[in-house]
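Contents: one structure, followed by commentary.
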Amino acid sequence: MTASLEQLRRCHFAVDLGAARTRVYVKGAGLVVDQPSAAAVNTHTGALMAVGELAEKMTGRTPDYIRVVHPVSGGTVVDIEMAQRMLRHLLGDKMRRGLRRKPILRAAACIPHDADPLAQRAAIETLVGLGARRVELVDTLIAAAVGCGLPVEQPEATMIMVCGAAATQVAVLSLGSIVTAERIPVGGDAVDHAIVQHLRHEHELMLPSQSVRPLQLALSGNGLTPHGPASTEIHGRDVATGLARSVQVDTAAVRDAIQTPLTAVLDGIGTVLRACPPDLVADLADRGIMMVGGSALLPGLDQMLRQATGMPVHIAERPDVCAVQGLGAMLEGRIAPLALDPLGS
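Under full-length UniProt numbering, think of the first position of the sequence shown as 1, with each following residue one higher.
Next up, the structure:
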């Protein structure tokens, strides 16, 4: 953990800036923002037209002078000014006024496990632009583990898998720290891309950007297993003619297309387990893997991991908000550190 629990208790709000969604937790008020990380900008005037859900709905449907931007990519802020403007509008005037009354406003932020100094600096600058005088950084893996109730402070192994939009992070935790971790550059976006490419190559159909999720839901029920629905109807644009067209898509072929990017995730889990001490791996045989993050809800992914690893796999109750809820628990002082009495004291 980059920041200590004592430092986090002094913070007034926490931000989880994800590639897909932005979440803000305010001390005493709970989760106040849970919106897509998107903003629509007028390219002529530079004015902000919409943020969050409305901006996301505008993706691919705007005239030339309106551009939908995503200021966060792969868990890293790539456009600090736009991220600040987006957060200001998402928080609203009333909430910002309440935060500005604090004598020394302190904030906490989630960062990916292997974030470089530039990525850390970008997260700090974004929150400083909102008025924060001090920013504490917390590893997303630890925040998510706390948020889903794992006993991270105990001397026993817990394995967590954060399935994000741009990347998947896998780690083994013990005594409040990361023992070994791996970041795989494959997330929900890679799965979406695999589906889009499959439909383009096999059916010569261009899928609208917001139609991938309904196709994934069509695979639900038994998800990625062969017992799901045999086919489903998809609407899109014909590559050759440009006309609207509907096709019956074989879900078994879509499942095969999804398996390719997910193989990299299985390799990452194997890498983490090989680098882990045997005593901790023995703990994991009983405890298994806890899945968090929005992409953890991909139908059948947990079943596929069970078959591939032979370990129990669990999905958190609210996998999409675990990281920010974990930060909130630390802010509110609900997490007690393990008290160790040093020898000879």
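Cβ atoms here follow ideal geometry from the backbone N, Cα and C, with glycine treated the same way.
With 16 or more other CB atoms across the displayed protein chains lying within 10 angstroms of its CB, TYR25 is buried. DSSP, read as helix, strand or coil, puts HIS314 in strand. Rounded to whole angstroms, ALA194 and LEU130 show a C-alpha spacing of 37 Å. The alpha-carbon of ILE80 is positioned some 43 Å away from that of ALA285. LEU17 is a Cβ neighbour of ALA123, given a cutoff of 8 Å. The beta carbon of MET49 sits closer than 7 Å to the beta carbons of ALA40, VAL41, ASN42 and ILE66 from its chain, once the five residues preceding and following it are set aside; these are given in chain order. Assigned with DSSP and collapsed to three states, GLN120 falls in helix. In the DSSP annotation of this structure, the continuous segment of the beta strand (DSSP E) that includes ASP34 starts and ends at 30–36. With fewer than 16 neighbouring CB atoms inside 10 Å of its own CB, LYS94 falls in the exposed class. For VAL172, the enclosing beta strand (DSSP E) starts and ends at 168–174. Taking one beta carbon from each stretch, the segment 131–144 and the segment 91–111 have 3 or more pairs nearer than 8 Å; the two touch. LEU175 sits exposed, since fewer than 16 C-beta atoms from the chains shown fall within 10 Å of its C-beta.
Leaving aside the five residues that flank ARG200 on each side, the residues in its chain whose CB is nearer than 7 Å to its CB run, in chain order, MET206 and VAL239. By the CB criterion at 8 Å, ALA264 and VAL186 fall inside the cutoff.
Cβ neighbours of MET159 within its own chain (closer than 6 Å, five residues either side excluded): VAL172, LEU284 and ILE289. In this structure, VAL146 sits near GLY326, with a CB-CB distance shorter than 8 Å.
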